[in-house]
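Quick notes on the structure that follows.
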Amino acid sequence: MADLTTNIGNLVMKNPVMTASGTFGYGEEFSDFIDISRIGGIIVKGTTIKHREGNPYPRMAETPSGMLNAVGLQNKGVDYFIDHIYPRIKDTDTNILVNVSGSTVEDYVATAEKVGELDKIPAIELNISCPNVKEGGMAFGTSCESAAKVVSAVRKAYKKTLIVKLSPNVTNIAEIAMAVEGAGADSVSLINTIMGMAIDAEKRKPLLSTITGGLSGACVKPIALRMVWQVSNAVKIPVVGLGGIMNATDAIEFLLAGASAVEIGTANFIDPTVTIKVIDGINAYLDKHGFKSVKDIIGQLETK
Amino acid sequence: MRKYLLDLTVSGNEKLSGNYILMKLTSEERLPDMLPGQFAEVRVDNSPSTFLRRPISIHFVDRDANELWFLIQLVGDGTRKLAELKKGDIVNVMVPLGNSFTMPSLEQQELLLVGGGVGIAPMLMLGAALRNLGYYPTFLIGARTKKDLLQLDAFENYGKVYMTTEDASCGEKGFVTNHSILTQKFDKIYTCGPTPMMKAVAAYAAKNNIDCEVSLENKMACGVGACLCCVTDTTEGHKCVCSDGPVFNIKDLKWQI
Ligand SMILES: Cc1cc2nc3c(=O)[nH]c(=O)nc-3n(C[C@H](O)[C@H](O)[C@H](O)COP(=O)(O)OP(=O)(O)OC[C@H]3O[C@@H](n4cnc5c(N)ncnc54)[C@H](O)[C@@H]3O)c2cc1C
Ligand SMILES: Cc1cc2nc3c(=O)[nH]c(=O)nc-3n(C[C@H](O)[C@H](O)[C@H](O)COP(=O)(O)O)c2cc1C
Ligand code: FES
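Residue numbers (the numbering used here), protein chains in the order written: chain R, 16 to 319; chain P, 386 to 642.
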């Protein structure tokens, strides 16, 4: 049994496997299938300052090895989370992280402040891929300036571990990562979904209500892996890798590329027990190759 | 209700008339408790274009044979791959998922179960449950043509069966809402089938002040209320068809009927 503990800033995790926001609900949805306390961390749904109904349906279109979603951050708002959901999940024996989203800097700060008051939430993941309403609908995460602006504002208001989740829909993700690091983030996680589209040719109509949506699942892995590699070479803060992880080997590839931890999203839909299999699989890999700790493989890709 | 992830064994996979199969699955262990209206998320193996699980209604649970039945219409790669499975093959299912039809209240005696196309699937399990409680439900089954009328013998075990076909090849001609049985008085209607049919049934129920439950479909990813991909509009905002549904009372939906 290898040592699976890993660190993201001050956050200590019993193993490097977390669940990706928006794909694992609040964890409870999966507790009939697995012991969710075995997971290294559960990142709950995107949470905004106010209730959001999300987009109209249809919100999902399948692709041969992935899916497009257009959920649109449906959630009941941070106050509802604090009053009704947090009390139910706070004593789960794992790290519970809140994915904080917003459309203005003020919204992000206000939500982060409220979550910062919660004893049992040791970290937030700031989702800067949502549309920046004030600056004309572009995502905060698509320019270095707007990314740095929202991160430094949240940094001032939030004292615990701050992970910033990056959008892959940019020309140079390493630059954004460096801007976010400079603004005080403790870690970056990547990737969020990749913008895509699907059409019903027979009906000559889009398959999603919003026409375009976010692609996730097995098909995005090579892109995610490349971005994690680029970013971990560019920043000193720990990187959390995700995008298309379907099994333990995929997760190990992200660790080798430089990720200190990984998140699993879409794969939970196909196998609700996948997180446990990945944790056990990483352990088996470490034992097989004679590594004592998972930290011994982080960033250990041999390129020569 | 507790959900399970099970590897079940195919004990039968029969081609029915038209484009349908009746799949029977069994296990060495007793199958879990399941309610009428609930469904399973079925993993489709060896179908390269089928990434996600497929939601399939619980058609029937045969407790004596310890069998779970699915009635499946073959519409795409996923369902066609399921049709290729042979006795002894393994199928991985998440089951039981979703809510269920609610049992009638004391004053509701005359029950009408309306199914259209493959939407009859959950009606067999519901009919059996109602018969078990001492009711004698009426089934009204609609199909395009005779070969799409399935499982009629099975329905006969639990109540009186009426049919409509669009081409008059069996039963009365037309849509279910044209059937003469609707001149009788019913206290509660349950329905599952194509959306236009369910809306027509719901409109009939609303007009005549009859309590009515519908079983909805939507594109699903997780099947357990985690991803919010499968929502429908209700009087309380977006609700998940997979976990708040699939069964909804029409008074809670925002259908223009
Ligand atoms: C809660 C629930 C219960 C269901 N129960 C049953 C059941 O008991 N028996 C059964 O046969 N089916 C049932 N369905 C529908 C079934 O899930 C789909 O038909 C199936 O997912 C199609 O998979 P596929 O890979 O064969 O087709 P795909 O390749 O996904 O689709 C092929 C074609 O069929 C169309 N299609 C896909 N899904 C549907 C749909 N739901 N209705 C009409 N057309 C569709 C697509 O638009 C496409 O044109 C249920 C769906 C839900 C949500
Ligand atoms: C249905 C769905 C909902 C999502 N919701 C969120 C969200 O609220 N916040 C967020 O930061 N990412 C969200 N994501 C993105 C995932 O967390 C993850 O970044 C992405 O799916 C890539 O990982 P995967 O391929 O393992 O799924 C969502 C993804 C899916 C499929
Ligand atoms: S399919 Fe995920 S919430 Fe219904």
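We put the CB at the ideal spot given by N, CA and C, even for glycine. Note that the structure is a prediction, hence the values are computed from the model and not measured.
Item                                                                                                           : Value
Distance between beta carbons of P/Leu-497 and P/Leu-525, contact taken as under 8 Å                           : 6 Å
Any chain R beta carbon closer than 8 Å to P/Asn-542                                                           : no
Any non-hydrogen atom of ligand 2 closer than 7 Å to R/Thr-208 Cβ                                              : yes
Buried/exposed call for P/His-623, threshold 16 Cβ in 10 Å                                                     : buried
Short CB-CB distance (under 8 Å) between R/Tyr-72 and chain C                                                  : Looking for chain C here will not work: the only protein chains present are R and P.
Contacting positions in the segment 77–103 of chain R - beta carbon closer than 8 Å to chain P                 : Glu-77, Thr-78, Pro-79, Ser-80, Gly-81, Met-82, Asn-84, Val-86 and Gln-89
Simplified DSSP assignment, three categories, for P/His-623                                                    : strand
Proximal chain R residues relative to P/Leu-390, where beta-carbon distance stays under 7 Å                    : Phe-48, Pro-287 and Thr-288
DSSP bridge partner residues for R/Ala-76 (one or two, in chain order)                                         : R/Leu-83
Endpoints, the alpha helix (DSSP H) within which P/Glu-426 is located                                          : From DSSP, P/Glu-426 is part of no alpha helix (DSSP H) but of the beta strand (DSSP E) over 424–427.
Distance CB(P/Pro-440)-CB(P/Met-605) smaller than 8 Å                                                          : yes
Status (buried if at least 16 other CB within 10 Å, exposed otherwise) for R/Glu-132                           : exposed
Unbroken beta strand (DSSP E) run spanning P/Asn-594, endpoints                                                : Note, P/Asn-594: premise wrong, no beta strand (DSSP E); not H, not E.
Beta carbon proximity, P/His-444 to chain R, threshold 8 Å                                                     : no
Residue-chain proximity (R/Asn-262, chain P), Cβ-Cβ < 8 Å                                                      : no
Any non-hydrogen atom of ligand 1 closer than 7 Å to P/Gln-458 Cβ                                              : yes
R/Lys-129 - containing alpha helix (DSSP H), residue span                                                      : 120–131
Pairwise C-alpha distance: R/Ser-308 and R/Asn-298                                                             : 9 Å
Counted within 10 angstroms of its Cβ, other Cβ atoms place R/Asp-302 as buried (16 or more) or exposed        : exposed
8 Å Cβ cutoff met for P/Glu-495 and P/Phe-571                                                                  : yes
Cβ-based neighbour list, P/Asp-552, same chain, cut-off 6 Å, excluding 5 preceding and 5 following             : Thr-530
Where the alpha helix (DSSP H) containing R/Pro-237 begins and where it ends                                   : 236–249
8 Å Cβ cutoff, R/Gly-211 in contact with chain P                                                               : no
Residue of P/Asp-474, P/Gly-473, P/Ile-642 and P/Asn-484 minimising C-alpha distance to P/Gly-586              : Looking at the sequence provided, one finds Val at residue 586 of chain P rather than Gly. The shortest Cα separation from P/Val-586 among P/Asp-474, P/Gly-473, P/Ile-642 and P/Asn-484 belongs to P/Ile-642.
Residues that P/Thr-617 contacts on chain R, provided the C-beta gap is smaller than 8 Å                       : Tyr-72
8 Å Cβ cutoff, P/His-623 in contact with chain R                                                               : yes
Closest residue to R/Val-277 among R/Ala-17, R/Asn-25 and R/Pro-31 (Cα-Cα distance)                            : R/Pro-31
Residue-level contact to chain P via CB, R/Phe-155, 8 Å cutoff                                                 : no
CB contact check: R/Asn-114 to chain P, cutoff 8 Å                                                             : no
Proximal chain R residues relative to P/Leu-437, where beta-carbon distance stays under 8 Å                    : Glu-77, Met-82, Phe-284 and Ile-285
Three or more C-beta pairs below 8 Å linking the segment 498–518 of chain P and the segment 435–455 of chain P : yes
Beta-carbon neighbours of P/Asn-603, restricted to chain R and to distances below 8 Å                          : Tyr-72 and Pro-73
Near ligand 1: P/Gly-463 beta-carbon under 7 Å from a heavy atom                                               : yes
Chain P residues whose Cβ lies nearer than 7 Å to that of R/Gly-259                                            : Chain P residues near R/Gly-259: none, gap ~11 Å exceeds 7 Å.
Simplified DSSP assignment, three categories, for P/Thr-580                                                    : helix
Inter-residue CB distance, R/Ser-36 and R/Ala-233 (contact presumed, cutoff 8 Å)                               : About 19 Å; that fails the 8 Å criterion.
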